[in-house]
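In the numbering used here, the protein residues as written are -17 to 171.
Ideal Cβ placement from N, Cα and C applies to all residues, glycine included.
This structure is a prediction, so every number in the text was calculated from the model and none was measured.
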Amino acid sequence: MELDKSKPLLLVLFSILICGLYYGTVNAKMNDTPPSFEEKITEGKQLTPLESQLMSFMNGLMVGEPKQAVELWIFGVNNRSGAVQYAMLSPSLRKQSRSKFEQTHWITGQSSPSVSNFRFTKVEKLSESKMRYTIKYDLWASYGDFGGGEKIIIVEKNLEPFKENWFISSITTKFNPWEAFTPAETVLK
């Protein structure tokens, strides 16, 4: 009888997986959310290589113009990428919505109907460091038109020393029963 050499390897890998799951379950506290890498930086803690990569990704997405923040956020919505959307948010909006992004495994929206044809309908300068954008869009599926929607997005300039980026501090959306909203949005009924 010939022994299949892949089965012992699978057994070892499965055992490691079970032990890891058990260890994580036994040692986790109820409602214990690991700190975000932003919190680790604030606390002066060492980042893992993956956290450093994520930090580099988010820093690379910082934008120098307010409209770019909205455009990149829309890009994230169109691609259902919670990570790109999250990168455009203010620190307080990130903290407020992080657990919701995690619950969806950083995938937002829905496949149908999808949002399309975003257009800026109003741009207002509120101050030197704050802009308000009103955008409209369509909800469309191959089997029909589901109307449209409107979002009001507030973008603010980062006022921290040595930072020149803009981020989204508020997203307000009018309710549409066919739309899937992103975790950072405030939906008005």
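Between the alpha carbons of T168 and T154 lies a gap of roughly 5 Å. By the criterion of a C-beta distance shorter than 6 Å, S152 is surrounded in its chain by I136, once the five residues flanking it on both sides are discounted. Taking C-beta separations shorter than 7 Å and ignoring five residues to either side along the sequence, the partners of L54 in its chain run L43, V45, V66, M70, following chain order.
DSSP links S79 through a beta bridge to no other residue. Within a 10 Å sphere around the beta-carbon of P165 sit 16 or more other beta-carbons, which makes this residue buried.
As a beta-bridge residue in DSSP terms, K112 pairs with S109, E138. Of the other Cβ atoms in all chains shown, 16 or more fall within 10 Å of the Cβ of V52; this residue is therefore buried. Here V97 is buried: its Cβ has 16 or more other Cβ atoms, across all protein chains shown, within 10 Å.
Taking 8 Å as the upper bound for CB-CB distance, G126 and N158 are not in contact here, some 14 Å apart. Looking at F128, E138, I117, K156, the one whose alpha-carbon comes closest to that of F102 is I117. Put simply, of E161, A162, W148, K156 the residue whose alpha carbon is nearest the alpha carbon of P73 is W148.
Assigned with DSSP and collapsed to three states, W122 falls in strand. Looking at the DSSP output, E132 shares a beta bridge with K118. Linking E33 to F39 through their CA atoms gives a straight-line distance of about 10 Å.
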